[in-house]
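Below is one structure; the comments refer to it alone.
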Amino acid sequence: MLMEAILVGVWAALCGIDKFDIFTGIHRPLVTGTVVGLILGDLQTGLIAGATFELAWLGLVSNAGVQPPDTTIGAIVGTMFAIKLNMTPEAAIGMSIPFALAMQTAVIFLFTSCAPMMQKADQYASELNLKGLDKLLYLGLSARALLYGIVGFSAIFFGVSGAEFIQEYLPESIVKGMAIAGGMMPAVGFAMLLRTMFNIQILPYFFLGFICATYFDLPILAVAVIFTCIAVLDYLNSNKSDSNNASNTKGFDDEL
Numbered sequence: 006m007l008m009e010a011i012l013v014g015v016w017a018a019l020c021g022i023d024k025f026d027i028f029t030g031i032h033r034p035l036v037t038g039t040v041v042g043l044i045l046g047d048l049q050t051g052l053i054a055g056a057t058f059e060l061a062w063l064g065l066v067s068n069a070g071v072q073p074p075d076t077t078i079g080a081i082v083g084t085m086f087a088i089k090l091n092m093t094p095e096a097a098i099g100m101s102i103p104f105a106l107a108m109q110t111a112v113i114f115l116f117t118s119c120a121p122m123m124q125k126a127d128q129y130a131s132e133l134n135l136k137g138l139d140k141l142l143y144l145g146l147s148a149r150a151l152l153y154g155i156v157g158f159s160a161i162f163f164g165v166s167g168a169e170f171i172q173e174y175l176p177e178s179i180v181k182g183m184a185i186a187g188g189m190m191p192a193v194g195f196a197m198l199l200r201t202m203f204n205i206q207i208l209p210y211f212f213l214g215f216i217c218a219t220y221f222d223l224p225i226l227a228v229a230v231i232f233t234c235i236a237v238l239d240y241l242n243s244n245k246s247d248s249n250n251a252s253n254t255k256g257f258d259d260e261l
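Note that the sequence shown ends on residue 261 in this note's numbering; no numbers are left out.
This is the structure we're talking about:
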């Protein structure tokens, strides 16, 4: 258990750096749930849980000081619950939400605590002190990585005993209620995502995908592949149209 907790803590630290600086996407629930499942010895459950959490938290993206519930820690804790308690991913979502909210508060507190560093950064910038700026950057990265690492380690090392306590004393009706609430969250995630990126031009594709999945019973993977092909064809046709327009414009200019 100690080695599992250490590995998850290291992964959480890397996610804490990636989430606000590098943004390769490894901090997202889909990747984090899969990695935690691999560490805990159940890759399949980790992958299923991560995919479920990703659907539920699609629209939760950090934006400067605006911090939503932390999806990384939520995915770590939720995957742990799904594996250790043999919960459904939907119920695990409901169980992980308080931890995601607590981590949201911790991140905001860390950012607030680091606010005085901005004055020092301005001073170093005015003095062209690049080494000083580097030290401040590394200090901020280290503090955030340490926070995520400690929380990720604690979630596994101390969370197992808490999970066993929940399994023994939590009423079955509450677990079923969590599963029902968690099953509704992917719809909320899609609604939040559509709210931020809604465009009238993509509305027909949205309804077409809904029809394919609902009335033709196509699996999500098949729908994704179909619309990936449509997107590629649309991109190629758009480039071809732009090239033709450019050629026609050039020919017109040559005639003049």
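In this text, a Cβ means the ideal position worked out from N, Cα and C, and glycines have one as well. Since this is a predicted model, take the numbers as computed values, not measurements.
Classification of residue i by the beta-carbon crowding that lies within 10 angstroms, buried from 16 upward
{"i": "valine 237", "result": "exposed"}
{"i": "alanine 130", "result": "exposed"}
{"i": "cysteine 20", "result": "buried"}
{"i": "phenylalanine 58", "result": "buried"}
{"i": "phenylalanine 215", "result": "exposed"}
{"i": "aspartate 239", "result": "exposed"}
{"i": "serine 178", "result": "exposed"}
{"i": "proline 94", "result": "buried"}
{"i": "leucine 7", "result": "exposed"}
{"i": "threonine 29", "result": "exposed"}
{"i": "leucine 135", "result": "exposed"}
8 Å CB neighbourhood of residue i in its chain, flanking five on each side removed
{"i": "cysteine 119", "result": "Gly145, Ala148"}
Bounding residues of the alpha helix (DSSP H) (the contiguous stretch that carries residue i)
{"i": "methionine 100", "result": "94-118"}
{"i": "aspartate 139", "result": "135-162"}
{"i": "lysine 125", "result": "122-131"}
{"i": "phenylalanine 212", "result": "208-219"}
{"i": "methionine 8", "result": "7-22"}
Sequence-distant residues of its chain with Cβ nearer than 7 Å to residue i (five each side left out)
{"i": "valine 15", "result": "Gly154"}
{"i": "leucine 106", "result": "Pro74"}
{"i": "glycine 137", "result": "Tyr129"}
{"i": "lysine 9", "result": "For the sequence presented, residue 9 should be read as glutamate rather than lysine. Excluding residues within five positions, the ones whose Cβ falls inside 7 Å are Ile44, Leu45, Ile161."}
Close-in-space but distant-in-sequence residues of the same chain around residue i (CB under 6 Å, 5 per side omitted)
{"i": "histidine 32", "result": "Cys20, Asp23, Lys24, Thr77"}
{"i": "leucine 241", "result": "none"}
Count the CB pairs spanning the stretch 38-56 and the stretch 82-100 that are closer than 8 Å, and state whether there are at least three. yes
Could you tell me whether the stretch 126-140 touches the stretch 94-114, using the rule of 3 or more Cβ pairs below 8 Å? Flag = no, the stretch 126-140 and the stretch 94-114 do not touch.
Runs of 3 residues minimum, wholly inside the stretch 38-80: which ones carry the beta strand (DSSP E) assignment? Restricted to the stretch 38-80, not a single beta strand (DSSP E) segment is unbroken, complete and at least 3 residues in length.
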